[in-house]
Amino acid sequence: MGGWLVRGLVAAVVIQAIGIGILSVKVHQDGVPPAYHTYSQVPTSPTPPGAIHVIPDAGMKVSEWNALVHAMRLEVVGGPNDVGAYTVVPVAGASARADVLQRLRSAQGIRMAEPVADIH
Numbered sequence: 047m048g049g050w051l052v053r054g055l056v057a058a059v060v061i062q063a064i065g066i067g068i069l070s071v072k073v074h075q076d077g078v079p080p081a082y083h084t085y086s087q088v089p090t091s092p093t094p095p096g097a098i099h100v101i102p103d104a105g106m107k108v109s110e111w112n113a114l115v116h117a118m119r120l121e122v123v124g125g126p127n128d129v130g131a132y133t134v135v136p137v138a139g140a141s142a143r144a145d146v147l148q149r150l151r152s153a154q155g156i157r158m159a160e161p162v163a164d165i166h
């Protein structure tokens with residue numbers, strides 16, 4: 047009985063190892079780049095004009111963040127990154143970037159709001 051159990055366990059381990067090997071090969075054969083990027087990478091698409099980096103307070107609730115973004119007529123186009131920064135742009139018809147920056151900086155729950163340099 048002990049021999050049968052050991053052989054069964056060995057067979058299970060071998061089957062699992064083969065399965066993991068097949069999955070590993072499949073993952074590396076697809077050649078599809080990952081659907082993410084880091085802020086240290088050169089962006090493949092340019093940052094929209096008028097973009098702003100915003101860091102909300104860590105204690106800010108998602109509903110509060112969404113309400114703020116909606117009230118200021120902003121669109122989130124990137125983030126969050128490792129430090130929690132989002133990239134936002136004013137939607138068409140919203141206030142000028144300088145006005146949005148001033149309101150973001152004075153808004154409760156916002157730790158930082160800085161314009162993204164427009165590179166031409």
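In this text, residue positions in the sequence shown follow our numbering: the first is 47, and each later residue adds one. From the three backbone atoms N, C-alpha and C, an ideal C-beta is built for every residue, glycine too. Remember, it's a predicted structure, so these values are computed and weren't measured experimentally.
In the DSSP assignment, Val122 falls within the beta strand (DSSP E) that extends over 120 to 124. For Ala142, there is no enclosing alpha helix (DSSP H), as DSSP marks it with neither H nor E. About 7 Å separates the CB atoms of Ala131 and Val100; that is less than 8 Å, so the two are in contact. For Val100, the enclosing beta strand (DSSP E) has its first and last residue at 98 to 102. As a beta-bridge residue in DSSP terms, Ala159 pairs with Val100.
Below 8 Å, too few C-beta pairs join the region 61 to 74 and the region 111 to 124 to call them touching: fewer than three. In the structure shown, Val146 falls within a helical segment according to DSSP collapsed to helix, strand and coil. In this structure Ile68 is exposed. Its beta-carbon is surrounded by fewer than 16 other beta-carbon atoms within 10 angstroms. Between the alpha carbons of Arg157 and Ala163 lies a gap of roughly 19 Å. Rounded to the nearest whole angstrom, the C-alpha separation of Ala58 and Val71 is 20 Å.
Counting along the chain, the unbroken alpha helix (DSSP H) around Val108 starts and ends at 108 to 117.
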